[in-house]
Amino acid sequence: MYKSKEATVSVIIPLYNKGKYVERTITSVLAQTYQPYEIIVVDDGSTDDGPEKVLKLNNPRIILVRQDNRGPGAARNAGLAMAKGKYVSFLDADDEWYSSFLGKGISYLDNNRDVGAAITGYHQYPSMRMNSEGLMKLQGIYEITPDTNIDLVRDIVTYSSLCFAVIRTAIARRWGGYFDRIKCTRGEDAHLFLKLLFNEKIAIIPEPHGLYHTEASDLCGRGYSTIPPLEPFLMDPYDIVTSCPPAKRHILREFLSRKALGSAVMYAKLGQKKIAKDLLDRFCSNGTLNATQVLKGRILADCAPVLPSVRRVWSLAKSIAGK
194 MYKSKEATVS
204 VIIPLYNKGK
214 YVERTITSVL
224 AQTYQPYEII
234 VVDDGSTDDG
244 PEKVLKLNNP
254 RIILVRQDNR
264 GPGAARNAGL
274 AMAKGKYVSF
284 LDADDEWYSS
294 FLGKGISYLD
304 NNRDVGAAIT
314 GYHQYPSMRM
324 NSEGLMKLQG
334 IYEITPDTNI
344 DLVRDIVTYS
354 SLCFAVIRTA
364 IARRWGGYFD
374 RIKCTRGEDA
384 HLFLKLLFNE
394 KIAIIPEPHG
404 LYHTEASDLC
414 GRGYSTIPPL
424 EPFLMDPYDI
434 VTSCPPAKRH
444 ILREFLSRKA
454 LGSAVMYAKL
464 GQKKIAKDLL
474 DRFCSNGTLN
484 ATQVLKGRIL
494 ADCAPVLPSV
504 RRVWSLAKSI
514 AGK
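Per my numbering: the sequence shown ends with 516, consecutive numbering throughout.
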């Protein structure tokens with residue numbers, strides 16, 4: 194078993210009403226072949242027995258921090274602010290790492306000192322399906338340039354998760370950590386991920402080194418049965434856009450436009466036509482998406498015949514495209 198002689202890696206776990214799972218999560222961290230220097234559990238105002246279960250583990254490397262309920266982004270940032278490790282890794286309180294995870298990520302960063310973050314694949318539980326077979330095509334080190342294909346950016350964001358990443362602590366702090374300006378339960382991680390992706394080299398290690406528990410996730414609705422909150426980078430992209438080097442902003446804007454278009458369809462299908470129209474007006478009316486992309490977009494093409502509200506979004510998209 195690897196033993197760190199210095200403050201090598203700090204693990205940060207945001208905790209909110211996950212008493213049913215948190216012991217399993219922490220046990221997976223303690224079972225790492227590369228042992229963490231510290232495990233910072235930030236209790237974000239839990240009302241269940243989760244914090245007590247953390248204390249009962251009685252491990253000197255576990256630090257329990259308590260705060261009022263402010264959302265997972267604020268909880269992660271509280272841990273990031275006090276982390277002593279050279280590297281930092283964030284794990285949700287209902288997920289798990291395989292014992293190889295930290296060793297794999299840290300070894301990669303130690304051997305590639307110009308890389309800001311190393312991200313591994315994972316299995317989804319209970320299906321045990323990999324997060325994407327397409328992730329296997331992404332193995333290696335990536336740096337976004339002005340000529341990078343937008344589909345590559347989409348694939349990296351779609352198939353990767355910061356819950357299965359080891360990040361240089363100084364770099365996570367440099368880009369401001371997670372979104373926490375308001376309490377947010379959806380997309381706060383993408384706020385940091387997009388900054389890392391457009392400003393740093395990142396490494397993709399496609400082999401799975403953890404378990405993402407879909408059955409335990411309840412921060413926001415999945416599918417179309419509930420109305421999920423708007424993601425921060427679509428609410429107000431100013432921070433992300435201004436942090437992006439000017440030469441790469443056309444790629445970022447196209448990525449945001451595509452995400453906005455997909456979200457507009459989702460909200461239209463849920464009857465939220467005002468939100469859908471606002472997204473299209475703000476992100477898809479400035480020429481970032483050309484007419485072919487709008488009219489042949491797979492999501493709109495699949496959904497347009499289904500509901501009148503989606504057909505209205507389809508008509509609006511055609512109008513914006515100038516058709």
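All C-beta atoms in this analysis are idealised placements derived from N, C-alpha and C, irrespective of residue type, glycine included.
Check, Outcome
"Integer Cβ distance of A286 from I360, believed to fall under 8 Å", "Actually they are not in contact, since the Cβ atoms of A286 and I360 sit about 19 Å apart, beyond 8 Å."
"Nearest neighbour of G296, chosen from H443, L273, D432, G403 [CA to CA]", "G403"
"Where K489 falls, given that 16 or more other Cβ within 10 Å makes a residue buried", "Confidence at K489 is low in this model, with a pLDDT of 39, below 50, so its placement is unreliable and no value can be given for it."
"Spatial distance of D303 from V235 (CA atoms)", "27 Å"
"Through-space distance from L472 to D429, alpha-carbon basis", "11 Å"
"I334 classed as buried or exposed, judged by whether at least 16 other C-beta atoms fall within 10 angstroms", "exposed"
"Cβ contact (3+ pairs, closer than 8 Å) linking the stretch 437-453 and the stretch 389-397", "yes"
"Whole-number beta carbon distance between T218 and I206, since they are thought to touch under 8 Å", "6 Å"
"Chain-order list of residues whose beta-carbon lies under 6 Å from that of P422 (same chain, five-residue window excluded)", "R379"
"Stretch pair the stretch 240-254 + the stretch 362-374: three plus CB contacts closer than 8 Å", "no"
"Distance, K213 Cα to R451 Cα", "37 Å"
"C-beta atoms of P399 and Q332 nearer than 7 Å", "yes"
"Y315 vs Y405 beta-carbon contact at 7 Å", "yes"
"CA-to-CA distance, V222 to V204, given in whole angstroms", "8 Å"
"Neighbour-count burial assignment, N252, 16 or more Cβ in a 10 Å radius", "exposed"
"Between the CA atoms of Q225 and G291 - distance to the nearest angstrom", "Strictly speaking, residue 291 in this sequence is Tyr, with Gly absent from that position. Their backbone Cα atoms lie some 7 Å apart in a straight line."
"Residues near A453 in its chain [Cβ-Cβ closer than 8 Å; skip 5 each side]", "L427, L472, L473, R475, F476, C477"
"Closest residue to M329 among D348, D344, Y318, P319 (Cα-Cα distance)", "D348"
"Extent of the continuous alpha helix (DSSP H) to which Y571 belongs", "As shown, the chain starts at 194 and ends at 516. That puts residue 571 outside it, with no answer to give."
"Pairwise C-alpha distance: A383 and E424", "9 Å"
"Close Cβ partners of A271 (< 7 Å) along its chain, the five nearest in sequence each way excluded", "V235, V258, Q260"
"Close Cβ partners of V215 (< 7 Å) along its chain, the five nearest in sequence each way excluded", "L208, G243, K246, V247, A286"
"K211 to C377 span [Cα, whole Å]", "17 Å"
"Outcome for Y227 when other beta-carbon atoms lying within 10 angstroms are tallied against a minimum of 16", "buried"
"Buried/exposed call for A274, threshold 16 Cβ in 10 Å", "exposed"
"Residue environment, G464, which counts as buried when at least 16 other CB atoms sit within 10 Å", "exposed"
"Cβ neighbour criterion (16 or more within 10 Å) applied to T419", "exposed"
"Minimum C-alpha distance to G238 - residue among A268, R254, Y230", "A268"
"Nonlocal neighbours in the same chain, by C-beta distance under 7 Å from L355, ignoring five residues either side", "F283, D382, L385, F386"
"For L449, the nearest candidate out of Q317, T341, I433 (CA to CA)", "I433"
"Nonlocal neighbours in the same chain, by C-beta distance under 8 Å from P339, ignoring five residues either side", "A440, K441, H443, I444"
"For E336, three-class secondary structure by DSSP", "coil"
"Cβ neighbours of E336 in the same chain (closer than 6 Å, five flanking residues each side left out)", "K394"
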